[in-house]
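Written out below as structure tokens is the structure these notes cover.
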Amino acid sequence: MKSPFSYKVGVTMEDRIQTGGKTTRRSFLNILLTVILFIGIGGVIRTILLFLWPSKEIIQREAAGGPTSIPLNQIPVGGSKMIRYRGKPFVVVHTAAGIFAVSAVCTHLGCIVYWDKDKKVLVCPCHAAFFALNGSVISGPAPSPLPVAQVKIVGEQIILS
Ligand code: FES
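Written out as structure tokens, the structure reads:
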């Protein structure tokens, strides 16, 4: 039985010889799948590179401090989303009490905090600082509160300003 992992990518010279140099349906599908595979891999690599090194235009737009919007349906109640706001990571949290946008950069040594939906606090994984949604320090070594952004709901958009 042929292993499911024995699929060959592309058309080898051996394939061409066996078919007398003709392009068979199989070799055509191999070429097509190879092209699709490389397009998919290229798209993933491009997305990762843009995330790690955003274009100058994106950096300038974020640094300029213009409002940032997020579709409301992207953050269900109880959920959170990490975004870039004014060039810095922010965590946007949607609770039954409202929507909050808090800097995700810990004021202790700069680790990235995350929303713990069970404990309902922002947690720094490095030295266990805990923050409330208004940015205030609940406990831990953080010397000052996390900066917060103003949040408005306009239609179906969450607007940070
Ligand atoms: S970096 Fe966050 S508590 Fe130390």
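Its first residue numbered 1356, the sequence shown is counted upward by one per residue in my numbering. Note that beta-carbon positions come from the ideal geometry of N, C-alpha and C, so glycine has one too.
If you draw a straight line from the C-alpha of residue i to the C-alpha of residue j, how long is it?
i	j	result
C1466	L1477	12 Å
P1500	G1490	5 Å
L1384	I1391	10 Å
L1387	G1397	15 Å
R1439	V1492	22 Å
I1413	G1395	24 Å
L1407	G1453	31 Å
K1443	V1460	8 Å
V1399	K1436	20 Å
T1389	K1377	18 Å
R1381	R1401	30 Å
I1403	P1422	24 Å
E1511	Q1415	26 Å
R1441	N1428	22 Å
W1470	F1393	36 Å
S1410	F1445	19 Å
Can you find the residues in the same chain that come closer than 6 Å, C-beta to C-beta, to residue i, ignoring five residues on each side of it along the sequence?
i	result
H1449	I1430, V1432 and G1434
I1425	I1513
C1481	C1466
When the distance is taken between beta carbons, is residue j closer than 9 Å to residue i?
i	j	result
V1509	F1455	no
S1458	A1504	yes
V1468	L1515	no
K1472	F1485	no
Going along the chain, which residues of its own chain have a beta-carbon closer than 7 Å to the beta-carbon of residue i, five neighbours each way excluded?
i	result
A1451	V1432
A1483	G1495
Below 8 Å on the Cβ atoms is my contact criterion, and I expect residue i with residue j to pass it. Report the Cβ-Cβ distance as a whole number of Å.
i	j	result
P1502	H1463	The pair is not a contact, with the Cβ atoms about 14 Å apart (cut-off 8 Å).
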